[in-house]
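Trainee: So for the sequence shown, the working numbering puts the first residue at 1070; every next one is plus one. Got a structure for you, questions after.
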Amino acid sequence: MTANEAAEEGETASPRPSGLPLAAALAATLLGMMPAFLIGGLAIFIRHDFGVNEAEFGLSISMFFLVSAGLSIPGGMVAQRLTARGGLALCGVLTGIALLGVALVADRWWTFIGFLAIGGLGNALGQPVSNRILVALVPLNRRGVAFGIKQSAVPLSGLLAGLVVPLVAYVGEWRWVVGSLAAAGLVVVFVGVARLALASPEAAPAGLPRLSDPVPLFLIALAGLLGSIGVTATGSFLILSLVDRGTSVGLGGGLLAAGSLTAIAARVVLGWLVDRLGLSRHTLRLMALVLCAGALGYVILSFATAQVTLVVGAMLALVGSSGWQGMYHFSVVSRYAAVPATATGIAQSGMYAGGIVGPLVFGLVVVHVGYGAAWLVTTATSLTAIVFVAVVELRARARTATSVT
């Protein structure tokens, strides 16, 4: 029996997970991603305050993901050894400093970018810690829903950002909104940390299992990189793009909120189907289907001018860009169950790299060509991600056929 098989067998027999640790993992993931999506949703106000263009604003979001990407792999290794409480607390402190700094301290563009970089530190740790907790708590036959709920934190960030846009448009002040949400998020995380009843993961024993057959993991990470370009482009520039086509800021924020809510539902429903129908070996195929929906949405946003068509394109883009991550993480921890935090760190490095490339490239294309061309570039990256997923699936099928013969 391999280390991964032994880990899965032990986890299948785990008791039903407590709602509190799952809520703490969700809160940590939500708070970790909040700097990118909340700041992206408020882009039109922040750009006005600091006097920056789309490319400069995209650079600030890219800095957040640059730090997250650079520290994701070591963050996964650290998370494999930290206690659950210690990991969640550290993530909460770092992201709280970032958001409160943006709201209360940043008065120049370079300080704004610096605080987003601090947020990237916490985000690099958040996903590996959260995934390790869920792998320890949730048996295989309920893991799909658990990861769907936990990964809903990302579109939930977009939902919150979309909900506050009309409010900020009315009152004309974004800083107090960021500060209030940061304080509320910190309270939620530390209440969860204080009451976390999980006895493990504590410090991991010496001689942790090594990654077996890491090639699929790196291919999955490449797919995550390309797919994440759509996530960050949509979260950061959708409202700006819709306004450019004549849509009101309020309607744009409402679409961001509605699409993010639909993406949340899609992640949970996909996880439920995986558990209900026993599709744990087909999660990458489900991921590819969702990416296809996103690509269609980007194409519509490239060419549409009518309001109704823009609404359809925006909804498809939001669901297609933010609906596949639960399946992505489920696939990674299922293939590398003995070292879930380490594997998550590698997988997340790809997604964070997409976060670096996405806003910067999208912003540059907008400045020099326009929003239509930028959405077409995003379409191409999503389709290429599907190709990498297909390579992983074909490779696994070939290895299975070889072992049978």
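C-beta: ideal position from N, C-alpha, C; glycine also. The structure presented is a predicted model; accordingly, all values stated were derived computationally and were not measured.
(1) Below 8 Å CB to CB, which residues in the same chain sit around V1388 once its five sequence neighbours on both sides are set aside?
(2) Please give me, in chain order, every unbroken run of the alpha helix (DSSP H) with length at least 4 that falls completely inside the segment 1364 to 1452.
(3) Is P1283 helix, strand or coil by DSSP?
(4) Taking contact to mean at least 3 C-beta pairs separated by less than 8 Å, is the segment 1162 to 1178 in contact with the segment 1240 to 1252?
(5) Could you tell me the alpha carbon to alpha carbon distance between V1207 and S1418, rounded to whole angstroms?
(6) For a test of the three-state rule: what should DSSP assign to P1208, helix, strand or coil?
(7) Going by C-alpha distance, which of R1212, N1200, G1183 is nearest S1349?
(8) Between which residues of its own chain and G1319 is the CB-CB distance below 7 Å, once the five residues before and five after are set aside?
(9) Rounding to the nearest angstrom, what Cα-Cα distance links F1372 and D1282 in this structure?
(10) Could you check which residue in A1326, S1297, G1188 has the C-alpha nearest to that of L1229?
(11) Going by C-alpha distance, which of G1101, A1096, T1098, G1110 is nearest L1307?
(12) Judging by CA-CA distance, which residue of R1468, T1098, S1131, H1117 is the nearest neighbour of I1298?
(13) Output the distance between the C-alpha atoms of A1215 and W1243, rounded to the nearest integer angstrom.
(14) Under a three-way DSSP split, which group does N1192 fall into?
(15) Out of N1210, A1292, V1257, state which residue places its alpha-carbon closest to the alpha-carbon of A1454.
(16) Tell me the rounded alpha-carbon separation between A1253 and L1099.
(17) Pull up the distance between the alpha-carbon of V1014 and that of G1322, whole angstroms please.
(18) Relative to the alpha-carbon of I1218, which residue among Y1440, W1341, V1408 has its alpha-carbon at the smallest distance?
(19) Identify the continuous alpha helix (DSSP H) that holds V1171 and give its terminal residues.
(20) What residues in its chain sit with their C-beta under 8 Å from that of T1180, if we drop five residues either side in the sequence?
Mentor: Taking the structure as given:
(1) Walking along the sequence shown from the start, residue 1388 turns up at place 319. The answer, listed in chain order, is G1328, T1331, A1332, A1335, V1359, A1362, G1363, G1366.
(2) 1376 to 1391, 1394 to 1404, 1409 to 1437
(3) For the purposes of this step, residue 1283 is taken as residue 214 along the sequence shown, with counting starting at 1. Reduced to three states, the DSSP call for P1283 is coil.
(4) yes
(5) Here the question's residue 1207 lines up with position 138 in the sequence shown. Here the question's residue 1418 lines up with position 349 in the sequence shown. Going from the Cα of V1207 to the Cα of S1418 covers about 24 Å.
(6) As a first step, residue 1208 is located in the sequence shown; it is residue number 139 there, counting from the start. Of the three classes helix, strand and coil, the one that applies to P1208 here is coil, per DSSP.
(7) Stepping through the sequence shown from its first residue, residue 1349 is reached at position 280. Nearest of R1212, N1200, G1183 to S1349, Cα basis: R1212.
(8) Taking the first residue of the sequence shown as 1, we reach residue 1319 at position 250. Once the five neighbours on either side are set aside, the close Cβ partners of G1319 are P1235, A1238.
(9) Mapped onto the sequence shown, residue 1372 falls at position 303. Mapped onto the sequence shown, residue 1282 falls at position 213. Those two C-alpha atoms are separated by around 43 Å.
(10) Taking the sequence shown and counting its residues from 1, the one referred to as residue 1229 is at position 160. Cα-wise, what sits closest to L1229 is A1326.
(11) Position 238 of the sequence shown, counting from 1, holds the residue named residue 1307. Per the Cα distances, G1110.
(12) Position 229 of the sequence shown, counted from the start, is the residue given in the question as residue 1298. That would be S1131, whose Cα lies nearest to the Cα of I1298.
(13) Within the sequence shown, the letter at position 146 stands for residue 1215. Within the sequence shown, the letter at position 174 stands for residue 1243. Taking the straight line from one Cα to the other gives about 33 Å.
(14) Within the sequence shown, the letter at position 123 stands for residue 1192. The answer is helix: DSSP assigns N1192 an H, G or I state.
(15) Here residue 1454 refers to the residue found at position 385 of the sequence shown. Among N1210, A1292, V1257, the Cα nearest to that of A1454 belongs to A1292.
(16) For this step, residue 1253 is matched to residue 184 along the sequence shown. For this step, residue 1099 is matched to residue 30 along the sequence shown. Distance between the alpha carbons of A1253 and L1099 is about 12 Å.
(17) Absent from the structure is residue 1014, since the part of the chain shown begins at 1070 and ends at 1474.
(18) Working through the sequence shown from its first residue, we reach residue 1218 at position 149. If we check each option's Cα against that of I1218, W1341 comes out closest.
(19) For the purposes of this step, residue 1171 is taken as residue 102 along the sequence shown, with counting starting at 1. First-last of the alpha helix (DSSP H) with V1171: 1153 to 1173.
(20) Within the sequence shown, numbered from 1, the residue matching residue 1180 stands at position 111. Answer for T1180: G1170, V1174, listed in chain order.
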